[in-house]
Each structure stands twice: as structure tokens, then as C-alpha cells.
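Accompanying notes for the structure given below.
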Amino acid sequence: MSPAPTIPPIGGTVSVSVPVEQAFRVFTDSFNTWWPQQYHIGQADMAEAVLEPREGGRWYERGVDGSECDWGRILAWEPPHRLVVTWQINGEWQFDPDPEHASEIEVRFTADGPGQTTVEVEHRLLDRLVAGQVIHDTIGRGGGWTALLDGFAKAVVNNG
Amino acid sequence: MGTYGDAGLGLLDDPTRRAIFALLARRPCSVGELARQLPISRPAVSQHLRVLKDGGLVISRPEGTRRVYRLNPDGVTALRAYLDRIWDDALTAFHKAAETAPVDPEQEQR
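These protein sequence lines are chains P and R, in that order.
No gaps in the numbering here: position 119 of the first sequence is 656 in this note's numbering, and each next residue is one more.
No gaps in the numbering here: position 58 of the second sequence is 71 in this note's numbering, and each next residue is one more.
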């Protein structure tokens, strides 16, 4: 089954005043220091988010109780210019090991000068997530998104 | 119907709309139920719901004398909008981290 790509990719661009090597290093080595804590899928609070620095590596979270939840795999590891990872989190906010259901995130680092770098993120193949059927089912029933969004809602309401 | 394309994106920039969206993800609610959980009035909730509905993130249907709102089961727009929000937050945080990270002198040498 190869669904027609009907959902446009999501993109984001940010310009940072650091050399391209440092931008790549912070994005990957220091992933845990900047990834917003509220975006995680495990039952336990997240202790750490890890991006393994090699092609074929894992991208996952470790909970405060030591449990690990996969997010995806490293497809391309090309420091300091390019990184491609899969996002295999389904509509029930669980890791979906089926590569057919894997969306992809490509991150490109472009040096605009010695101390200036543009970082572009593209999250694509979103149809594959939907093809997993779970998005339909879970949002329709009011479940699924619950687990993750629960914490998110609390954070938003408390800060509001 | 305002689904694909860029519809829906940007609608969750507003913190109150994010809160409503997240509450509806937990379970379908009426305007009154939402207003009880938020520090805003019912008319204000209704106004945000209208925007979310126009953007394709939320649908509603009458249940007896009240109207119940829930996330669009189509899911596509909602998913996309939510992921968009995640990346927006993530890149903002990354920007801050990158510019405050100590410069690695060895890295500079290469």
C-alpha cells in the first residue's frame, strides 16, 4: 500500500549566531538540554532524551524510572550539515516499529558565514502516520492523544 | 472543508486555544465544560471554538440541548497543527541552547 502523499510536510527554519559545527553539536549531542520536556510519550516523566550519534542509531527517551521509549531511528548522520531521523510515534503516542508507518525528519545545517548558521527542519511523509489508521481511531474516540496531551494540557493550563 | 494545505497551522499559537485543543483531546466537551476548566468566560470559549472549527481542528454536533465539541476525527489537520506546534517550540528552545552553549575550542580548530 502506498498512499498518495496528500499531507504537506511541516517545516521550520531558525537562524543561529554560531558556527555550523556548534549548531550541529548542540542539536545532536545536547539534544536533551533543549528538547521541550513536555513532548514525550512514556508513562514516566522524561529523565533524558537521547539521539545516538550514528546512522542506524536510536532516538529515544529514558524515563525517570529507567524505562525507555523509542521515537525512531537515525537514517542519515552527516555532521555538521545533515541529519535524518524517523518519527515513528503513532496516534496512540506509542512507538510503531513498522517502517511503513515511519514519518521522516530531515534537519539541514547551512553555514551563512563563520559564525552564522541556518537550521532547517522538514517533517515529512506524514501520510504514513495516518496510514497507520490509529489517528482516525483514537482521535475519534477521544482517547489516544490523551496520554501525551494530558501532561501538555496541564502545563498549558497551569501556565495560562 | 478547510482541511489540508495550511489550514489549521498557526491556530495553536494562542495559549488558550492550545489549552482548549488539549482538553478536547482528552474528551469531547461542551462550551460550559470547557469554561469550567479554563480561566475565561463562556463567550470567550465559544469564540475560540469557532476559530478552531473554521480551521478544521475541531468539529461539533448537537447532543440534546447542548453542543458537544471534539477534535476533528479526520485527524490530519489536527495532527499537522500539533506537530507544527511541537517544532515551533523545539526550534525556539534550540535557538536559545545553540547561542548559549559554550564554544568548543577543539571544534573550532578543525
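Even for Gly, the Cβ is constructed at its ideal location relative to N, Cα and C.
A quick note: this is a predicted structure, and the numbers were derived from the prediction, not measured.
Backbone secondary structure at residue i - three-state DSSP
| i | result |
| --- | --- |
| ARG591 of chain P | coil |
| ARG40 of chain R | coil |
| HIS618 of chain P | coil |
| PRO546 of chain P | coil |
| TYR576 of chain P | coil |
| PRO115 of chain R | coil |
| THR29 of chain R | helix |
| ALA584 of chain P | strand |
| GLN60 of chain R | helix |
| VAL71 of chain R | strand |
| LEU51 of chain R | coil |
| GLY652 of chain P | coil |
| LEU65 of chain R | helix |
| ALA639 of chain P | coil |
| HIS108 of chain R | helix |
| GLY603 of chain P | coil |
| VAL644 of chain P | strand |
| THR570 of chain P | helix |
| ARG81 of chain R | In the sequence as displayed, the identity of residue 81 of chain R is Val instead of Arg. Note: VAL81 of chain R maps to strand in three-state DSSP. |
| LEU666 of chain P | helix |
| VAL555 of chain P | coil |
| LEU24 of chain R | helix |
Partners in chain P for residue i, counting only beta-carbon separations shorter than 8 Å
| i | result |
| --- | --- |
| LEU112 of chain R | In the sequence as displayed, the identity of residue 112 of chain R is Glu instead of Leu. Chain P residues near GLU112 of chain R: VAL553, SER554, VAL555. |
Cross-chain neighbours of residue i in chain R, by beta carbon under 7 Å
| i | result |
| --- | --- |
| PRO573 of chain P | ASP102, ALA103, ALA106 |
| THR570 of chain P | ALA110 |
| TYR597 of chain P | The premise fails here: TYR597 of chain P is roughly 16 Å from chain R at the closest Cβ pair, so nothing lies under 7 Å. |
Residue-chain proximity (residue i, chain P), Cβ-Cβ < 9 Å
| i | result |
| --- | --- |
| LYS109 of chain R | yes |
| LEU24 of chain R | no |
Amino acids of chain P, ordered along the chain, whose beta-carbon sits closer than 7 Å to that of residue i
| i | result |
| --- | --- |
| ASP97 of chain R | ILE547 |
Within-9 Å CB hit, residue i to chain R
| i | result |
| --- | --- |
| ARG562 of chain P | yes |
| HIS660 of chain P | yes |
| LEU612 of chain P | no |
| VAL656 of chain P | yes |
| THR550 of chain P | yes |
| SER604 of chain P | no |
| ILE672 of chain P | Unreliable positioning characterises ILE672 of chain P in this predicted model, as indicated by a pLDDT of 49, which lies under 50. A coordinate reading is not provided. |
C-beta contact flag for residue i and residue j at 9 Å
| i | j | result |
| --- | --- | --- |
| GLU641 of chain P | VAL621 of chain P | yes |
| GLU657 of chain P | PRO616 of chain P | no |
| VAL194 of chain R | SER43 of chain R | Since the displayed chain R opens at 14 and closes at 123, residue 194 of chain R lies outside it and no answer follows. |
| ASP26 of chain R | ARG98 of chain R | yes |
| PRO590 of chain P | ILE611 of chain P | yes |
| PRO546 of chain P | ALA103 of chain R | no |
| ASP607 of chain P | ARG595 of chain P | yes |
| ALA94 of chain R | LEU36 of chain R | no |
| ALA613 of chain P | TRP624 of chain P | no |
| HIS577 of chain P | LEU96 of chain R | no |
| ALA114 of chain R | SER567 of chain P | yes |
| ASP564 of chain P | PHE107 of chain R | The sequence given here places Phe at residue 564 of chain P; Asp does not occur at that position. Against a cut-off of 9 Å, the Cβ pair of PHE107 of chain R and PHE564 of chain P comes out as a contact. |
| ASP582 of chain P | VAL601 of chain P | yes |
| LEU663 of chain P | LEU92 of chain R | yes |
Chain R residues whose Cβ lies nearer than 8 Å to that of residue i
| i | result |
| --- | --- |
| LEU666 of chain P | LEU92 |
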